[in-house]
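First comes the structure, then the notes that go with it.
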Amino acid sequence: DVKVTQSSRYLVKRTGEKVFLECVQDMDHENMFWYRQDPGLGLRLIYFSYDVKMKEKGDIPEGYSVSREKKERFSLILESASTNQTSMYLCASSLSASGSSYEQYFGPGTRLTVT
Amino acid sequence: AQTVTQSQPEMSVQEAETVTLSCTYDTSESDYYLFWYKQPPSRQMILVIRQEAYKQQNATENRFSVNFQKAAKSFSLKISDSQLGDAAMYFCAYRVNFGNEKLTFGTGTRLTIIP
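Line by line, the protein sequences are chains A and B. Residue numbers for the first sequence, in the numbering used here: 94 to 208. Residue numbers for the second sequence, in the numbering used here: 54 to 168.
Put into structure tokens, the structure is as follows:
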């Protein structure tokens, strides 16, 4: 079974802190994604990566950065956390093959509260 | 830009009955995939069912089936013989076939099962 794990289920940080959210997948997937989930807004893509050291902006990248130094690990970084970044963060991974509908596998999520 | 609309924020159904969740989407592409994902309370998001746009036949997975109307850009999910374990948030999602692997999600429908 594919496993996507996230470093924390719950996290509380103060405004201005630098925050790292870690995601690890164990199935050698090329693609990895970071979403934020807010009530009434669904899931919105922050960043994704299709290879080591490669990244692309999603729909809401402002205030975030990412790092992918190893294939299995994809980190989301909040350089200076703000209260409007309080949210549920979901990581996902998928195989990559042009023309194939490989599903995305999701982690359990990290509920981040910024005070 | 592609958009996915779920117009029912909440739905409820009696156990053992049938319920249909609605989803419409907007795209200028002709080759794409559509998905329904399920997010149970405090549990990971999982894929329920997928549909390739080039296939006319509606996808079915056990008690879950879709009604895919390509011309109308409609993709509804029917759950038959509803069970307590079906209680969850359901998200409709879209992905273009070739190109990037990004998913666009709807805002979700919270399904409650009444015993």
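Even glycine gets a Cβ: it sits at the ideal position worked out from N, Cα and C.
Run through the segment 120–148 of chain A for me and flag every whole beta strand (DSSP E) of 3 or more residues, listed as ranges in chain order.
-> 124–131 and 135–144
Report the three-state DSSP secondary structure of Asn120 of chain B (helix, strand or coil).
-> Residue 120 of chain B sits at position 67 when you count from the first residue of the second sequence. Here Asn120 of chain B sits in strand by DSSP.
Name the chain B residues that come within less than 8 angstroms of Ser187 of chain A, Cβ to Cβ?
-> The residue labelled residue 187 of chain A in the question sits at position 94 within the first sequence. Residues of chain B passing the Cβ test: Glu154.
Report the three-state DSSP secondary structure of Leu156 of chain B (helix, strand or coil).
-> As a working mapping, residue 156 of chain B is identified with position 103 in the second sequence. Three-state result, Leu156 of chain B: coil.
Measure the beta-carbon distance from Ala54 of chain B to Asp84 of chain B and round it to whole angstroms, keeping in mind my assumption that it falls under 8 angstroms.
-> Walking along the second sequence from the start, residue 54 of chain B turns up at place 1. Walking along the second sequence from the start, residue 84 of chain B turns up at place 31. Going by Cβ atoms, the distance from Ala54 of chain B to Asp84 of chain B rounds to 17 angstroms, so no, they are not a contact pair.
Pick helix, strand or coil for Asp139 of chain B, following the three-state DSSP scheme.
-> Position 86 of the second sequence holds residue 139 of chain B. Three-state result, Asp139 of chain B: helix.
Outcome for Asn227 of chain A when other beta-carbon atoms lying within 10 angstroms are tallied against a minimum of 16 = Outside the modelled stretch of chain A, which goes from 94 to 208, sits residue 227 of chain A, for which no answer is possible.
Sequence-distant residues of its chain with Cβ nearer than 8 angstroms to Tyr143 of chain A (five each side left out) = By one-based count along the first sequence, residue 143 of chain A stands at place 50. Answer for Tyr143 of chain A: Glu123, Asn124, Glu149 and Ser189, listed in chain order.
Under 6 angstroms Cβ to Cβ from Thr206 of chain A, same chain only, skipping five residues before and after it: list those, please.
-> Residue numbering aside, residue 206 of chain A sits at position 113 when the first sequence is read from its first letter. Excluding sequence neighbours, Thr206 of chain A sits near Val105 and Thr179.
Cβ contact (3+ pairs, closer than 8 angstroms) linking the segment 97–111 of chain A and the segment 146–166 of chain A | no
Assign Thr179 of chain A to one of three DSSP states: helix, strand, or coil.
-> Locating residue 179 of chain A in the first sequence gives position 86, where the first residue counts as 1. In this structure, Thr179 of chain A counts as coil in the three-state DSSP scheme.
Decide if the segment 75–82 of chain B is in contact with the segment 143–163 of chain B; the criterion is three or more beta carbon pairs, one per stretch, under 8 angstroms apart.
-> yes
If contact means a Cβ-Cβ distance below 7 angstroms, which residues of the segment 114–125 of chain A contact chain B?
-> Asn124
Three-way DSSP call (helix, strand, coil) for Met64 of chain B in this model = Within the second sequence, numbered from 1, the residue matching residue 64 of chain B stands at position 11. The answer is strand: DSSP assigns Met64 of chain B an E or B state.
Under three-state DSSP, which class holds Gln104 of chain B?
-> For the purposes of this step, residue 104 of chain B is identified with residue 51 of the second sequence, where counting begins at 1. Looking at Gln104 of chain B - three-state DSSP - the assignment turns out to be strand.
CB-CB under 8 angstroms to Gln122 of chain B, same chain, minus the five flanking residues each way: which ones, in chain order?
-> In the second sequence, residue 122 of chain B corresponds to position 69, counting from 1. Contacts found: Phe128.
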